[in-house]
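S.K.: In the working numbering, the protein residues as written are 308 to 604. Ideal Cβ positions, reconstructed from N, Cα and C, are used throughout, including at glycine.
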Amino acid sequence: MSRRACVGLAALLGAVAVGIYWNYDGFDPESLRGATVVITGCSTGIGEEMAYQYARLGAKILITARRENRLKEVVAKAKSLGAQEAHYVAGDMGKAEDCERTIQTAKEKFGQLDYLVLNHIGSKLPNTMEKLLSGTHWDQDPDMDYLVDFLNVNLVSYVRLASLALPLLKESSGHIVVISSIFGKVPLPTVSYYSAAKFGLDGFFSSLRVELMKAQQDVSVTLVVLGVVKTQGVLAYQKNEAFLKAAVPVNETALAIIQGGATRAREVYHPFRSTWPFATLRALWPGLMDNIAVNVD
Ligand SMILES: NC(=O)c1ccc[n+]([C@@H]2O[C@H](COP(=O)([O-])OP(=O)(O)OC[C@H]3O[C@@H](n4cnc5c(N)ncnc54)[C@H](OP(=O)(O)O)[C@@H]3O)[C@@H](O)[C@H]2O)c1
Ligand SMILES: *[C@@H]1O[C@H](CO)[C@@H](O)[C@H](O)[C@H]1NC(C)=O
Numbered sequence: 308m309s310r311r312a313c314v315g316l317a318a319l320l321g322a323v324a325v326g327i328y329w330n331y332d333g334f335d336p337e338s339l340r341g342a343t344v345v346i347t348g349c350s351t352g353i354g355e356e357m358a359y360q361y362a363r364l365g366a367k368i369l370i371t372a373r374r375e376n377r378l379k380e381v382v383a384k385a386k387s388l389g390a391q392e393a394h395y396v397a398g399d400m401g402k403a404e405d406c407e408r409t410i411q412t413a414k415e416k417f418g419q420l421d422y423l424v425l426n427h428i429g430s431k432l433p434n435t436m437e438k439l440l441s442g443t444h445w446d447q448d449p450d451m452d453y454l455v456d457f458l459n460v461n462l463v464s465y466v467r468l469a470s471l472a473l474p475l476l477k478e479s480s481g482h483i484v485v486i487s488s489i490f491g492k493v494p495l496p497t498v499s500y501y502s503a504a505k506f507g508l509d510g511f512f513s514s515l516r517v518e519l520m521k522a523q524q525d526v527s528v529t530l531v532v533l534g535v536v537k538t539q540g541v542l543a544y545q546k547n548e549a550f551l552k553a554a555v556p557v558n559e560t561a562l563a564i565i566q567g568g569a570t571r572a573r574e575v576y577h578p579f580r581s582t583w584p585f586a587t588l589r590a591l592w593p594g595l596m597d598n599i600a601v602n603v604d
């Protein structure tokens with residue numbers, strides 16, 4: 308099948324998607340007033356913006372990342388925007404004790420927990436985004452130490468934090484929100500280790516979702532599939548014009564995530580047009596999606 312036909316089919320799927328675009332069942336911003344929220348990866352990017360939006364809605368937030376100086380600034384701004392409470396834990400989510408300290412602090416400060424928003428992305432290399440967007444194939448640089456560290460920070464720690472928080476979330480009929488990516492639904496060249504983490508999150512948390520349903524535990528699990536978002540990191544390192552053109556603002560992305568979590572959506576696709584059609588095509592016709600992926604440059 309020609310590339311044009313592939314793109315045509317993807318466009319058709321997109322049109323169908325718009326046709327059946329589900330309505331988020333009524334988001335009530337008031338439901339977040341006083342809600343207790345732990346968000347990871349908040350020293351910059353989408354996490355920082357989510358902290359501000361939860362703050363504006365009057366939530367009580369606890370944020371984490373490694374850079375304490377940045378967290379102090381974000382906490383101060385969140386308070387000025389209306390957060391009922393704002394706390395931080397400076398720590399490395401790749402370390403079990405820092406994950407434990409995060410959930411323990413939430414327990415001490417809030418006495419309960421409504422939302423766990425898992426968002427951080429990082430590695431032992433100073434600039435993950437640069438590595439991610441470098442265009443290198445795995446086979447050109449098969450760095451196993453890097454992969455093990457990457458999966459520990461971006462997959463294992465998500466599982467660890469959710470496991471630590473589950474007892475609290477069960478008591479409050481709470482919400483787990485997991486930030487993934489189109490690369491957690493569709494494989495492209497040059498993002499193998501990132502896809503390994505994000506597909507892993509889909510596997511683990513989709514399994515957890517059905518386990519919770521089967522056990523009749525009222526904890527929702529929302530998987531967020533993001534396209535390209537105009538964070539500082541993406542703007543600094545993404546050189547692909549087509550990707551940059553499709554990029555969406557950070558603030559509307561943060562709001563889409565917050566709404567999806569609050570309405571207990573199974574999955575959120577944002578922006579819908581550049582994520583859902585491809586994820587759906589991959590699910591229905593993976594061989595065709597592979598052919599499209601090979602032609603992306
Ligand atoms: N931006 C996009 O276009 C895009 C697209 C698809 C999906 N996503 C997903 O959206 C989420 C947020 O991405 P973003 O673009 O906002 O990322 P970002 O701007 O790079 O921010 C990442 C955050 O994670 C923190 N972090 C990194 N390593 C950590 C560690 N070991 N322990 C604790 N915190 C750590 C960073 O803070 P410190 O360095 O201070 O620790 C920072 O606050 C990620 O899950 C990402 O995969 C983003
Ligand atoms: C995002 O920011 C832009 C520019 O500041 C503003 O016009 C828009 O209303 C904001 N959107 C949301 C959802 O906050």
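Could you tell me the alpha carbon to alpha carbon distance between residue 573 and residue 560, rounded to whole angstroms?
M.R.: One C-alpha to the other measures close to 17 Å.
S.K.: With a threshold of 6 Å on Cβ separation, who are the neighbours of residue 600 within its own chain once the five nearest residues in sequence on each side are excluded?
M.R.: So the list reads 495, once near-sequence residues are dropped.
S.K.: Would you call the stretch 403 to 410 and the stretch 428 to 437 in contact, with 3 or more CB pairs under 8 Å?
M.R.: No, they do not touch.
S.K.: In three-state DSSP terms, what is residue 287?
M.R.: Only positions 308 to 604 of the chain appear in this structure, which leaves residue 287 out of reach.
S.K.: Could you check what DSSP says for residue 435 in three-state terms: helix, strand or coil?
M.R.: Of the three classes helix, strand and coil, the one that applies to residue 435 here is helix, per DSSP.
S.K.: Pick helix, strand or coil for residue 464, following the three-state DSSP scheme.
M.R.: Correct three-state label for residue 464: helix.
S.K.: From the DSSP output, in three-state form, read off residue 420 for me.
M.R.: Reduced to three states, the DSSP call for residue 420 is coil.
S.K.: Does residue 413 come out as helix, strand or coil in the three-state DSSP assignment?
M.R.: Of the three classes helix, strand and coil, the one that applies to residue 413 here is helix, per DSSP.
S.K.: Do the CB positions of residue 569 and residue 339 come within less than 8 Å of each other?
M.R.: Cβ atoms of residue 569 and residue 339: closer than 8 Å.
S.K.: In this structure, how does DSSP classify residue 397 when only helix, strand and coil are distinguished?
M.R.: Strand at residue 397.
S.K.: By the DSSP assignment, the beta strand (DSSP E) with residue 574 in it spans what residues?
M.R.: First-last of the beta strand (DSSP E) with residue 574: 574 to 577.
S.K.: Could you tell me whether any non-hydrogen atom of ligand 2 is closer than 7 Å to the CB of residue 355?
M.R.: Every heavy atom of ligand 2 is 7 Å or more from the Cβ of residue 355, so no.
S.K.: With DSSP as the reference, please indicate the residues paired to residue 372 in a beta bridge.
M.R.: Paired residues: 397.
S.K.: Determine contact between the stretch 434 to 446 and the stretch 531 to 549, defined as no fewer than three beta-carbon pairs at a distance below 8 Å.
M.R.: As far as the Cβ criterion goes, the stretch 434 to 446 touches the stretch 531 to 549, which means the pair count is three or higher.
S.K.: Just tell me which of 355, 358, 457, 582 has its CA closest to the CA of residue 550.
M.R.: Taking only the C-alpha atoms, the option nearest residue 550 is 582.
S.K.: Mind listing, in chain order, the continuous beta strand (DSSP E) runs of no fewer than 3 residues lying wholly within the stretch 522 to 572?
M.R.: DSSP runs (the beta strand (DSSP E)) wholly in the stretch 522 to 572: 527 to 533.
S.K.: Going by alpha carbons, who is nearest to residue 357 out of 597, 404, 603, 563?
M.R.: Ranking 597, 404, 603, 563 by Cα distance to residue 357 puts 563 first.
S.K.: Identify which residue in 460, 452, 535 has its Cα closest to the Cα of residue 404.
M.R.: Nearest of 460, 452, 535 to residue 404, Cα basis: 460.
S.K.: DSSP beta-bridge partners for residue 367?
M.R.: Note: residue 367 sits in a beta bridge opposite 343, 392.
S.K.: Report yes if the C-beta of residue 336 is less than 7 Å from at least one heavy atom of ligand 2; otherwise report no.
M.R.: No, the beta carbon of residue 336 sits no closer than 7 Å to any heavy atom of ligand 2.
S.K.: Does DSSP put residue 338 in a helix, in a strand, or in coil?
M.R.: Reduced to three states, the DSSP call for residue 338 is helix.
S.K.: Less than 7 Å separating the Cβ of residue 426 from some heavy atom of ligand 2?
M.R.: No - ligand 2 has no heavy atom lying nearer than 7 Å to the Cβ of residue 426.
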